[in-house]
Amino acid sequence: MYDVFSLPPVTFPKGFLWGSATAGHQIEGDNVHSQAWQNEQSPEFYKDDPERRVRAPSGKACDHYRLYREDVELIAGLGHQAYRMSIEWSRIEPDQGQWDHAAVAHYVDLLERLVARGIRVFVTLHHFTHPLWFDQLGAFAKADNRRYFERYLTFLLPKISSYVSGWNVINEFNQWGGLTAGVSIAPLKFNMLRIHALGYHLIKQYSRAPVSSAHAFIHWFPRRFNDTLDQRMTAFADFTTNEFFFHALRTGELVYPNVDAEYDPEVKGALDFWSVNYYTRHMVDARLAKLDAPRFRHKQLRMIPMPFYLEEMYPEGLIANLERLRDYPVYITENGCCCDDDRFRIVYLALHLSALHEAIERGVEVRGYFYWSLMDNYEWTTFLPRFGLVAVDPHTYQRTPKPSGWLYREIIGANGFSGATVRRFLSELPTLPLSEPHGQRD
Ligand code: FCB
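What follows is the structure in structure tokens.
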């Protein structure tokens, strides 16, 4: 285990913005008009887990839609200066063309309260969920459907833009389809780049706040370092999930293997910052159909007893990846660790902030950091992974900050930290036990 107690002191640049992130569907509860809610009701959703040991519907999630006033106080009490949240399109437009004004008023009240508490708000306009009716029309896979998104944004933006300090049009579309979708995913990726650009230019009509789309920055790594095919497939994985996105936004050129490249001037330069979501390193094994290989075991975080959440912690990846993004300012819009043992979260946080500081020293203009997530929440199919700085009681929804939440408050207050700060919140380093058989992916 890394010796976080010996980390050298670091101070972040003046004005560095510290916050946390959530997404509507994961915390609000009763998001009944969304496609995600509908999927969670279908037997198909539980086919690999009929006993529902892992999978669960989102239900009340964290009951945040009801408890949002208290949550604003919680965010402020933890010293956060910024908060990244998403607005649920399916609440605002539950039926095609029908606007729910009470839902608009709800979000305006939430935004107003955050701003009144001095919190700078970053809003994500599409964080994986959308109205069921939009899904039934083919969602973003049909190029023509972008007009529905445009109509929604045209309705919403003037009502909220005065509260917003930063924008994400879409969350993480760069990784949709994964590694094995092949050429069939290219039209969707091209569409998404255009929809991002549409959102970017529309927001510009209402807001001076910076705009981007959050990018899942996966650090791909060859399973066998000297194996040419592993190296090539790693480069392929990196291009099809990371570089195609950067390249398109920088140049307007939409490039994907095995399809004719296209040029779209609207896409070129359609960003004001790089919005980076960074978690772990992923191994690429060219000899596996799925390409996705087991991580190095000796560095795996012991998180929760679920094979797909045994990840390898790799803070250095943050430095290596950010060095590719020197042409615009950067905000880390997600970075976090799911574990039942909060000590791992403290270690993860300290190491990643230390790496982030090194990226800044190397000249990357990082302006802020949003920890994922403010509180334990619904992780798309399950409640088991707990990413929160704050625990949420699944029955009473009572919020209880964890030691990591208090450490983070201290870091924010000092705009930096050292190994000695960490020591005050962590009496001893957790040990990384060898992975149990359930942790093996192969
Ligand atoms: C990201 C998602 C976010 C959350 C974290 C753990 O990919 O944007 O909603 O699920 O992973």
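With the numbering used here, the residue at position 70 of the sequence shown is 71, and numbering never jumps.
Note that beta-carbon positions come from the ideal geometry of N, C-alpha and C, so glycine has one too.
Let's test the definition: count the other Cβ atoms within 10 Å of the Cβ of A142 and tell me whether it reaches 16, buried, or not, exposed.
Taking the sequence shown and counting its residues from 1, the one referred to as residue 142 is at position 141. Classification of A142: exposed, given that the 10 Å Cβ count is below 16.
Please list, in chain order, all residues of the same chain as Q39 whose beta carbon is under 7 Å from its beta carbon, the five residues on each side excluded.
On the sequence shown, position 38 is the one that residue 39 refers to. Once the five neighbours on either side are set aside, the close Cβ partners of Q39 are L133.
Going by CA-CA distance only, name the one from T155, S35, D64 that's closest to D395.
For the purposes of this step, residue 395 is taken as the residue at position 394 of the sequence shown. Per the sequence presented here, residue 395 reads as Pro, with Asp not at that position. If we check each option's Cα against that of P395, D64 comes out closest.
Return yes when at least one heavy atom of ligand 1 lies under 8 Å from the C-beta of N40, else no.
The count along the sequence shown starts at 1 and reaches residue 40 at position 39. Answer for N40: no, Cβ out of range of ligand 1.
Through-space distance from E113 to K61, alpha-carbon basis:
Taking the first residue of the sequence shown as 1, we reach residue 61 at position 60. Taking the first residue of the sequence shown as 1, we reach residue 113 at position 112. C-alpha separation (whole angstroms): 24 Å.
What are the residues that DSSP puts in a beta bridge with N278?
In the sequence shown, the residue the question calls residue 278 occupies position 277. Per DSSP, A217, E335.
With a cut-off of 8 Å on the beta carbons, I'd call N278 and T130 a contact; round off their distance for me.
Walking along the sequence shown from the start, residue 278 turns up at place 277. Walking along the sequence shown from the start, residue 130 turns up at place 129. Contact flag wrong, Cβ pair sits at about 17 Å.
Would the C-beta of N172 count as close to ligand 1, meaning under 8 Å from any of its heavy atoms?
As a first step, residue 172 must be located in the sequence shown, where it is residue number 171. Yes, the beta carbon of N172 sits closer than 8 Å to at least one heavy atom of ligand 1.
According to DSSP, residues forming a beta bridge with N169
As a first step, residue 169 must be located in the sequence shown, where it is residue number 168. In the DSSP secondary-structure assignment, N169 is bridged to T125, S213.
Considering only the beta carbon of each residue, do V373 and N336 sit closer than 9 Å?
Locating residue 373 in the sequence shown gives position 372, counting from the first residue. Locating residue 336 in the sequence shown gives position 335, counting from the first residue. Contrary to the premise, residue 373 reads as Trp rather than Val in this sequence. Contact: yes.
Beta-carbon within less than 8 Å of S59's beta-carbon, same chain only, minus the 5 sequence neighbours each way: which residues are those?
Position 58 of the sequence shown holds residue 59. Contacts found: H26, Q27, G30, N32, A37, W38, E41, Y379.
Output the distance between the C-alpha atoms of E362 and P95, rounded to the nearest integer angstrom.
Taking the sequence shown and counting its residues from 1, the one referred to as residue 362 is at position 361. Taking the sequence shown and counting its residues from 1, the one referred to as residue 95 is at position 94. Cα to Cα, E362 sits roughly 47 Å from P95.
Run the CB neighbour count on R344, radius 10 Å, all protein chains shown included, and call it buried at 16 or more, exposed below.
Here the question's residue 344 lines up with position 343 in the sequence shown. Flag for R344 reads buried.
Report all residues from its chain with a CB closer than 6 Å to the CB of V348; omit the five preceding and five following residues, and keep chain order.
Here residue 348 corresponds to residue number 347 of the sequence shown, with the count starting at 1. The answer, listed in chain order, is V5.
Straight-line gap, R282 to C339 (C-alpha atoms, nearest Å)
The residue given as residue 282 occupies position 281 in the sequence shown. The residue given as residue 339 occupies position 338 in the sequence shown. The alpha-carbon atoms of R282 and C339 are separated by roughly 15 Å.
Taking 8 Å as the cut-off, is the CB of S374 close to at least one heavy atom of ligand 1?
Working through the sequence shown from its first residue, we reach residue 374 at position 373. Answer for S374: yes, Cβ within range of ligand 1.
S87 by DSSP, collapsed to three states: which one?
If you number the sequence shown from 1, residue 87 lands on position 86. Three-state result, S87: strand.
Check H283 in the structure and name its three-state DSSP category.
Within the sequence shown, residue 283 is the residue found at index 282, counting from 1. Strand, per DSSP.
Is the beta carbon of G167 sitting closer than 9 Å to the one on S213?
Locating residue 167 in the sequence shown gives position 166, counting from the first residue. Locating residue 213 in the sequence shown gives position 212, counting from the first residue. Cβ atoms of G167 and S213: closer than 9 Å.
Assumed close pair T125, N172 - CB separation to whole angstroms, cut-off 8 Å
Stepping through the sequence shown from its first residue, residue 125 is reached at position 124. Stepping through the sequence shown from its first residue, residue 172 is reached at position 171. Going by Cβ atoms, the distance from T125 to N172 rounds to 5 Å, so yes, they are a contact pair.
Anticipated Cβ contact below 8 Å, F13 with H358, distance rounded
For the purposes of this step, residue 13 is taken as residue 12 along the sequence shown, with counting starting at 1. For the purposes of this step, residue 358 is taken as residue 357 along the sequence shown, with counting starting at 1. Distance from F13 to H358 at the Cβ level is roughly 7 Å; contact confirmed, criterion being Cβ atoms closer than 8 Å.
Should R288 be labelled buried (16 or more other beta-carbon atoms within 10 Å of its own) or exposed?
Within the sequence shown, residue 288 is the residue found at index 287, counting from 1. When all chains shown are included, R288 counts as exposed.
Minimum C-alpha distance to R209 - residue among I161, D228, I186:
In the sequence shown, the residue the question calls residue 209 occupies position 208. Looking at the Cα atoms, I161 is the closest of the given residues.
Since T334 contacts R85 with CB under 8 Å, what's their CB separation in whole angstroms?
The residue you call residue 334 lines up with position 333 of the sequence shown. The residue you call residue 85 lines up with position 84 of the sequence shown. Indeed, because the Cβ distance is near 6 Å, the residues count as touching under 8 Å.
Can we count W381 as close to ligand 1, meaning its CB is less than 8 Å from some heavy atom?
The count along the sequence shown starts at 1 and reaches residue 381 at position 380. Checking the Cβ of W381 against ligand 1 gives yes.
Coil, strand or helix - T234 by DSSP
For the purposes of this step, residue 234 is taken as residue 233 along the sequence shown, with counting starting at 1. As written in the sequence, residue 234 is Met, which differs from the Thr given in the question. Three-state result, M234: helix.
Determine, using beta carbons only, whether D231 and D293 come nearer to each other than 9 Å.
Taking the sequence shown and counting its residues from 1, one reaches residue 231 at position 230. Taking the sequence shown and counting its residues from 1, one reaches residue 293 at position 292. It is not a contact, given that the beta carbons lie outside the stated cut-off.
Counting only the same chain and skipping the five closest in sequence on each side, list residues whose C-beta sits under 7 Å from that of E45.
Mapped onto the sequence shown, residue 45 falls at position 44. Answer for E45: no residue qualifies.
Flag this pair as yes or no: are the beta carbons of A83 and W19 separated by less than 9 Å?
The residue given as residue 83 occupies position 82 in the sequence shown. The residue given as residue 19 occupies position 18 in the sequence shown. Cβ atoms of A83 and W19: closer than 9 Å.
Q27 Cβ short of 8 Å to ligand 1 heavy atom set:
On the sequence shown, position 26 is the one that residue 27 refers to. Yes, the Cβ of Q27 comes within 8 Å of a heavy atom of ligand 1.
So, are the CB atoms of R147 and L199 less than 9 Å apart?
As a working mapping, residue 147 is identified with position 146 in the sequence shown. As a working mapping, residue 199 is identified with position 198 in the sequence shown. Result yes, Cβ atoms of R147 and L199 sit closer than 9 Å.
Answer with buried or exposed for E74, where buried requires no fewer than 16 other C-beta atoms within 10 angstroms of its C-beta.
As a working mapping, residue 74 is identified with position 73 in the sequence shown. Exposed is the call here.
Every unbroken beta strand (DSSP E) within the segment 243-279, with a cutoff of 3 residues, ordered by chain
275-278
Are the beta-carbon atoms of T383 and A57 separated by less than 9 Å?
For the purposes of this step, residue 383 is taken as the residue at position 382 of the sequence shown. For the purposes of this step, residue 57 is taken as the residue at position 56 of the sequence shown. Result yes, Cβ atoms of T383 and A57 sit closer than 9 Å.
List the residues that DSSP assigns as beta-bridge partners of A392.
Position 391 of the sequence shown, counted from the first residue, corresponds to residue 392. Bridge partners of A392: T401.
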